[in-house]
Each structure stands twice: as C-alpha cells, then as structure tokens.
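Heads up: the sequence shown begins at 209 in our numbering, then just goes up one per residue. Glycine is no exception: its CB is placed at the ideal position from the N, C-alpha and C atoms. Every value quoted in this text rests on a predicted model; they were computed, and no experiment measured them.
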Amino acid sequence: MTHMADDPYLWLEDIAGDEALDWVRRHNEPTLSTFGGERFEQMRVEALEVLDTDARIPYVRRRGEYLYNFWRDAANPRGLWRRTTLDSYRSESPEWDVLIDVDELARADDENWVWAGADVIEPDHTLALIALSRGGSDAAVVREFDMRTREFVADGFELPEAKTHYSWEDADTVLVGTDFGEGSLTDSGYPRLVKRWKRGQPLADAETLFSGAATDVIVAASVDRTPGFERTMVRRAIDFFNDDVYELRGGEFIRIDAPTDATVSVHRNWLLIELRTDWYRGDAQYVAGSLLAADYEEFLAGTAQLAVVFEPDEHTCLNHYAWTRDHLILVTLADVASRVEVVTPGTWTAEPAPGLPENTNTVIAAVDEYGSEVFLDSSGFDTPSRLLWGAAGGELTEIKRAPSFFDAADLVVSQHFATSDDGTKIPYFVVGHRHSQAPGPTLLSGYGGFEVARTPGYDGVLGRLWLSRGGTYVLANIRGGGEYGPRWHTQAMREGRHLVAEDFAAVARDLVDRGITTVPQLCAQGGSNGGLLMGIMLTQYPELFGALVCSVPLLDMRRFHVLLAGASWVAEYGDPDNPDDWAFISEYSPYQNISADRQYPPVLITTSTRDDRVHPGHARKMTAALEAAGHQVEYYENIEGGHAGAADNAQTAFRAALIFEFLHRTLGD
Numbered sequence: 209m210t211h212m213a214d215d216p217y218l219w220l221e222d223i224a225g226d227e228a229l230d231w232v233r234r235h236n237e238p239t240l241s242t243f244g245g246e247r248f249e250q251m252r253v254e255a256l257e258v259l260d261t262d263a264r265i266p267y268v269r270r271r272g273e274y275l276y277n278f279w280r281d282a283a284n285p286r287g288l289w290r291r292t293t294l295d296s297y298r299s300e301s302p303e304w305d306v307l308i309d310v311d312e313l314a315r316a317d318d319e320n321w322v323w324a325g326a327d328v329i330e331p332d333h334t335l336a337l338i339a340l341s342r343g344g345s346d347a348a349v350v351r352e353f354d355m356r357t358r359e360f361v362a363d364g365f366e367l368p369e370a371k372t373h374y375s376w377e378d379a380d381t382v383l384v385g386t387d388f389g390e391g392s393l394t395d396s397g398y399p400r401l402v403k404r405w406k407r408g409q410p411l412a413d414a415e416t417l418f419s420g421a422a423t424d425v426i427v428a429a430s431v432d433r434t435p436g437f438e439r440t441m442v443r444r445a446i447d448f449f450n451d452d453v454y455e456l457r458g459g460e461f462i463r464i465d466a467p468t469d470a471t472v473s474v475h476r477n478w479l480l481i482e483l484r485t486d487w488y489r490g491d492a493q494y495v496a497g498s499l500l501a502a503d504y505e506e507f508l509a510g511t512a513q514l515a516v517v518f519e520p521d522e523h524t525c526l527n528h529y530a531w532t533r534d535h536l537i538l539v540t541l542a543d544v545a546s547r548v549e550v551v552t553p554g555t556w557t558a559e560p561a562p563g564l565p566e567n568t569n570t571v572i573a574a575v576d577e578y579g580s581e582v583f584l585d586s587s588g589f590d591t592p593s594r595l596l597w598g599a600a601g602g603e604l605t606e607i608k609r610a611p612s613f614f615d616a617a618d619l620v621v622s623q624h625f626a627t628s629d630d631g632t633k634i635p636y637f638v639v640g641h642r643h644s645q646a647p648g649p650t651l652l653s654g655y656g657g658f659e660v661a662r663t664p665g666y667d668g669v670l671g672r673l674w675l676s677r678g679g680t681y682v683l684a685n686i687r688g689g690g691e692y693g694p695r696w697h698t699q700a701m702r703e704g705r706h707l708v709a710e711d712f713a714a715v716a717r718d719l720v721d722r723g724i725t726t727v728p729q730l731c732a733q734g735g736s737n738g739g740l741l742m743g744i745m746l747t748q749y750p751e752l753f754g755a756l757v758c759s760v761p762l763l764d765m766r767r768f769h770v771l772l773a774g775a776s777w778v779a780e781y782g783d784p785d786n787p788d789d790w791a792f793i794s795e796y797s798p799y800q801n802i803s804a805d806r807q808y809p810p811v812l813i814t815t816s817t818r819d820d821r822v823h824p825g826h827a828r829k830m831t832a833a834l835e836a837a838g839h840q841v842e843y844y845e846n847i848e849g850g851h852a853g854a855a856d857n858a859q860t861a862f863r864a865a866l867i868f869e870f871l872h873r874t875l876g877d
C-alpha cells in the first residue's frame, strides 16, 4: 500500500520529468523576481565573502606525515584536495601541495563534479579511492587515485554512480557494497551486499562476502589496517538504530554480542559500547547513554569485565568521542555546554583537557589515531572558532583563529528553559542585542530528530545577514535531539513524535511571554527533519509565527518510506503501511493536514532537484497543495546541490540571501 490514489500531485514526484521541471521553473521565477532585489544582492555578496575568505581556518586531518584539507574559495569554487606539513600549517601562510583540483577535473571531464571524499589506504597512504558526485547528490562515482603519481589509475578500481560503501583490504583488494544490479540494494536504496573485489577482476566476478535482507537499511564492511590489530568488520543495519556487528575471522563472521541498538567500536585492543537503552548483563545494570569499555578479545571470549567510562545524569550526556593511539577524548554536554576530558584506557580515569577557552563550545576537529595529536575547535554564537592543537593529556595551544565576520560587541547570549505541555523543561539559547528595544525580529531554529544535538557555534553568514541587521537568533534544544543523551531522543520517536512539535511551540510561546519578540516578528527555520517540523508548525501551530522557512523537507509522511532513502527512517517515524503507526503519523503529517480554513503565516519552501536523500517531491507537492488551499507560499528549487541544498559556496550564499531576504521582507524590515 503506497497511498497513491488520493494524491492529486503525485506527478510532481517525477524528479527530472519535463512537466515537473516546468512546474519548478514557473515557481522559481516569481520567487526570484520578488526577492531578488538590491538588498538580496548585497546579502548574497556578504555571505559569499564569509564562505570564500582565505582567512577561514583550513581544517585538517593527519595521514602519516601530512595534514590533509579540502578547500573551496572564490578562485576554486569546486575545491582543492591538498596537503601540507605541521610546521607549514602552523605558519601564517602554509604552503599547500595540491593533489586534486576539482574545478580542473570537472572541466577536463565535462562533468558537474562535487567532492564527496577520499578513502586513503592505511598506513602507507599510496592509493586513494576518490568519490565524486554529480551536482552534490549522495550517489557518487568512485575512481582510484595514485598518491605518488598524482594521477587517476588507468584501468584501476572504478565504480559508476551509486550510493557506494568501500574500504581497502589491501593495495589490490577492495571490499565494496554498491549497486550490483537487480536485488543488490535495500529498500532504502543502500548496498545490501558486500563483495571482495580484486584488482583487474570484473566487478561481476567479485566474491560475495556477506548479504543482508532487502528490509535492512545498509550492509557495509570496514577494514582496520592498524599494524598488529588488522580486522575486517561488517555492519548490518537492521534499521536506523539497530545494527548487528561482526568480525570476519578465518572465513567466519563472529558477532559482537552487544545490544543491537548500541554503538560498537574497536580500537587496538579495546572495545567501546555506547548504550541507547538500559542494558542488563548478568547482575549488572548499565543505564542508557553510558559508555562502556572492555578488552576486545576477552569480550569475544565471554570473560571480559566491563568498565563504565561515562555514565550520564539528569543534566549531562556524552556528545562524541575519538581515540588517539593511547587515549580516549570525550566531549560531554552539561545543559548543552561542552566539557572535554582525556581518558586513560585500562584505568579509565578522566582528566579535564587543559588549556581550553572558557564559555565556548568545543568539538573534536581531528585526532591522530596512530599518534597522540589532537585538534579541538572552540567557538560560540558570538566567538569565532579557535583551533587548538597538542598531545592528548598535554597542554593545548591555539594555532589558528578564524576572523570575526560581524560586530559582536553588542551581542549577549543567554540560556532559558521553556515548559512543554507535559511539564518537561526545554532549554534554548537566545543571541540578542544588549541595547535593543525588545521585542524585535527573532529567528527560531530547531531540528528535533535522530539524536542529533544542536550546540552553540559561530555562524558568520547568520551573523552578517541576520544579527548585524538587528535580528535576534534562538536555538531550541527540543526533544528528538541528543542534547541530553539517547532518552531525550527515544521518548520523541514514533508515537512520541508530538513531543518535538510541543517543545518547539513551547519555546515559541516563551519567547513572546518574555517579551523577546511578538508573534508577527517571530519566524522559524528548519531543514530535512527540521523541515518536517516547520511543516507541522505551519499546519498545527500557525498562530505562533509571522513567517516560516522549510528547507529540503519531509512533508508527505504517508509516502516518505517509498521515496528515495525514506525507508531507512521508518524506525524514527513509524511505518505508514501499518494502520497502527499511520494512526499517529496521520495526526501530524503536514501534507495530509492542510486546512483551507485556517490562516497560515507566509512560508518559503526550498529544496534541490539533486537531493537523493529527501525526495524533492515532498516540497513540490506541499507547495502545490498549499496554493490550491489559498495560502501564501514561496518556492525555490535549486537544480543541483544534493541534500545540502547547494553544491558550492556561490549556491550556498545565494540560498542564504534568498532566505534572509524573505524573512526581512515578510517581518516588515
């Protein structure tokens, strides 16, 4: 049952169909005509200056003796893959050695290439598998690159456009999951098979190592080539949150006997298990959100003692972590404020990372898993990024600082808590003006899904186009995210989905109650799962907002699971083909809940033709249905750009200027 009979706009799901693209052009033109004026152009230029400036921090990752970076600027809009040494990197003007010029490659191939990443063989770094996307889609072409000759390998490993997963087994062997033909993909459109592909062998002759079910999300293999700890692991994602993880040993797959909804990882001789739900093992209970560690071989043998590396409390959760050779770096959140600790394996003692700036949000930018090097990035809403470098456990020093893109002297950041319908306290950050005459224009942002934590950070484009023009910015840390660990997420899954919208609405009301803004001056923005949230705000809480921006959204929740990667999100939202699930999904699905009788705020809906993750049909059909119901809706679809909505800095700047011009204009600026 795919629910097509009652959908008058089904034809708009034909992504590249002539009729559908004619509809797109007819909607793009008036949007650009309306909002493409002088201020739009000025903001586009300002945004592009932020995105293209050479003063940005070039973030790096270590591979052997070199630090690698991918860089876009005005002269190189598609980007450069390049490297340098640490000594050069620490200087004011590093000398970069360019390995691949994507602009030049696109010209030579007459293709619209967008960089999609490089997998370099460890530990010798002689070969790489380069992924190139047409227009920014998730599907990519894969080509082998020789790091010594700086050329693509003639008759080397090469794969046509697909959503491919790959890993080097050795210099002449790749473990690959891709579109091998009929029956080789899951219902979500990701690889179902893993094959061992030898150099010079036709792909069709590659040996099948592992196969999952069509109902799985993805099957993927990874090879750890760390000397002395070589391992081949296979992950079978049963749904978005449940995996079976195996090690391939002597032709046998040995399952790591951890909960399927836990995140399992292995580093050298250590196993880490991050729990999403409570785990009872023997006489012990381990609470959701804990990070556990064990000797890997002992765990496989059933003799391991589990150590609790981190245990959450009411205010604190684990955000992310990474290994150096001999230390584990943890970033935790305490009421959405970050803390960094260095953990010594074995004793599992944790010490605060020294030398971190105060009152900033810190994330792990890169680590050297074969050495001791750590790169941490610290920033805040009003504080540009500072890149800190040092050895794990040692003093960290600032080696790069991003420029300020807007005057933050008048800005003040505060945290408040709104009370949701069920009494839960929902934190949110306000970035406002110390000397403003409140209430004023306020942009509220939220996501609320997939355990993604939204944390404070510097955004030069937002600062220039909104804060510098007198606007207030608000970040809501609603349930569905990971700001308080897995329980903050799991209670808002499936039939609990209404909590996401209730939390966001509670923050919107609290902003008005505090006098920070008024309903006509309050706008909200969200993308992807956050775009779904905007659709719910439009159809269920229209009285709370003066304008909404809904980007690359899910909106037709009756058909999301049959469109592109949608089947992979059934674990998050439920299955519309199950009547019990549809009963709660139908309560909020925006496309099915449009009313011609209620007054909606103006809405801008944006998407990308090349988004092969969230189908552009969601945005197209919602726009058509809103128009038919007599509502004011603006629409813009970028013909390329993938799920990010933009393929390069120029497109990103264009899209940002369009959004902020819509908001300024709609709120009466």
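Three-state secondary structure assigned by DSSP to methionine 209: Unreliable positioning characterises methionine 209 in this predicted model, as indicated by a pLDDT of 36, which lies under 50. A coordinate reading is not provided.
Rounded straight-line distance, which links the Cα of proline 649 to that of aspartate 718: Put simply, the backbone Cα of aspartate 718 is about 15 angstroms away from that of proline 649.
CB contact flag (alanine 429, leucine 417, <8 angstroms): Yes, the Cβ-Cβ distance between alanine 429 and leucine 417 is below 8 angstroms.
Contact belief for valine 495 with glutamate 522 at Cβ below 8 angstroms, rounded distance in angstroms: The pair is not a contact, with the Cβ atoms about 12 angstroms apart (cut-off 8 angstroms).
Same chain, Cβ closer than 6 angstroms to alanine 828, five either side skipped, listed in chain order: The residue you asked about is not alanine; residue 828 is arginine in the sequence shown. For arginine 828, where only same-chain residues beyond five positions count, the Cβ hits under 6 angstroms are Leu220.
Alpha-carbon spacing of phenylalanine 353 relative to alanine 610, whole angstroms: In this structure, the CA atom of phenylalanine 353 is about 32 angstroms from the CA atom of alanine 610.
Arginine 767 to aspartate 424 span [Cα, whole Å]: Answer to the nearest angstrom: the Cα atoms are 18 angstroms apart.
From Arg356, Val841, Val720, Leu538, residue whose alpha carbon lies closest to that of proline 238: Minimum Cα distance to proline 238 is reached at Val841.
Alpha carbon of glutamate 581 to alpha carbon of proline 553, nearest angstrom: Glutamate 581 and proline 553: Cα-Cα distance of roughly 16 angstroms.
Beta-bridge pairing of leucine 541 - partner residues as DSSP gives them: In DSSP, leucine 541 forms a bridge with Cys525, Ser546.
Through-space distance from glutamate 312 to glutamate 359, alpha-carbon basis: Approximately 13 angstroms, taken between the alpha carbons.
Nearest to leucine 456 (by Cα), restricted to the options Thr698, Asp432, Arg351: Checking every option, the nearest Cα to that of leucine 456 belongs to Asp432.
Arginine 821 burial status per 10 Å Cβ neighbour count (16 or more: buried): By the beta-carbon neighbour count (other beta carbons within 10 angstroms, threshold 16), arginine 821 is buried.
Rounded straight-line distance, which links the Cα of alanine 347 to that of lysine 371: Lysine 371 and alanine 347: Cα-Cα distance of roughly 4 angstroms.
When Arg400, Pro635, Val382 are compared against glycine 389, the one with the closest alpha-carbon: Ranking Arg400, Pro635, Val382 by CA distance to the CA of glycine 389 puts Arg400 first.
DSSP state of valine 727 mapped onto helix, strand, coil: Helix at valine 727.
Terminal residues of the beta strand (DSSP E) in which alanine 470 lies: Neither: alanine 470 is in no beta strand (DSSP E) and is coded neither H nor E.
Exposure label - isoleucine 308; buried when at least 16 CB within 10 Å: Answer is buried; the Cβ neighbour count reaches 16.
Three-pair Cβ contact test at 8 angstroms for the stretch 744 to 754 versus the stretch 719 to 732: Segments in contact, yes.
DSSP state of lysine 371 mapped onto helix, strand, coil: The three-state reading of DSSP puts lysine 371 in coil, since its state is none of H, G, I, E or B.
Given alanine 336 as reference, the closest of Gly825, Ala324, Asp215 once Cα atoms are compared: Among Gly825, Ala324, Asp215, the Cα nearest to that of alanine 336 is on Ala324.
Burial state of isoleucine 462 (16 or more Cβ within 10 Å): Result: exposed.
For arginine 594, the residue or residues it bridges with in DSSP: BP columns for arginine 594 point to Ser586, Arg609.
Segment contact, 8 angstroms Cβ cut-off, at least three pairs: the stretch 254 to 264 with the stretch 667 to 674: At 8 angstroms Cβ cutoff, the stretches touch.
Span of the beta strand (DSSP E), counted from its first residue to its last, around alanine 324: Residues 321 to 328.
Segment contact flag, the stretch 615 to 625 with the stretch 695 to 705, C-beta cutoff 8 angstroms, min 3 pairs: Contact between the stretch 615 to 625 and the stretch 695 to 705 is absent, with fewer than three C-beta pairs closer than 8 angstroms.
Own chain, CB closer than 6 angstroms to tyrosine 668, minus 5 neighbours either side, in chain order: What sits at residue 668 in the sequence shown is glycine, not tyrosine. If you ignore the 5 residues before and after glycine 668, its C-beta comes within less than 6 angstroms of the C-beta of Val258, Phe613, all in its own chain and listed in chain order.
Neighbour-count burial assignment, glycine 782, 16 or more Cβ in a 10 Å radius: Around the beta carbon of glycine 782, a 10 Å sphere encloses 16 or more other beta carbons of the protein chains shown; the residue is thus reported as buried.
Cβ distance (whole Å) where phenylalanine 583 is taken to contact alanine 573 below 8 angstroms: About 4 angstroms separates the CB atoms of phenylalanine 583 and alanine 573; that is less than 8 angstroms, so the two are in contact.
Other residues of its chain near serine 546: CB distance less than 6 angstroms, five sequence neighbours each side excluded: Excluding positions up to five away in sequence, the list reads Val539, Asn569, Thr570.
Straight-line gap, glutamate 501 to glycine 510 (C-alpha atoms, nearest Å): According to the sequence displayed, residue 501 carries alanine and not glutamate. Rounded to whole angstroms, alanine 501 to glycine 510 spans 14 angstroms at the Cα level.
Neighbourhood of threonine 468 by C-beta distance below 7 angstroms, restricted to the same chain and skipping five residues each side: Spatial neighbours of threonine 468 in its own chain (CB-CB distance under 7 angstroms, excluding positions within 5 residues in sequence) are listed in chain order as Ile446, Asn450, Asp451, Asp452.
Among Asn284, Ala837, Gly739, the one whose alpha carbon lies nearest that of serine 797: The shortest Cα separation from serine 797 among Asn284, Ala837, Gly739 belongs to Gly739.
Span of the beta strand (DSSP E), counted from its first residue to its last, around isoleucine 744: Per DSSP, isoleucine 744 belongs to no beta strand (DSSP E); it is in the alpha helix (DSSP H), 737 to 748.
Cα-Cα separation between valine 442 and proline 285, rounded to whole angstroms: Put simply, the backbone Cα of valine 442 is about 36 angstroms away from that of proline 285.
Methionine 830 - containing beta strand (DSSP E), residue span: Residue range 825 to 836 is occupied by the alpha helix (DSSP H) that includes methionine 830, with no beta strand (DSSP E) assigned at that position.
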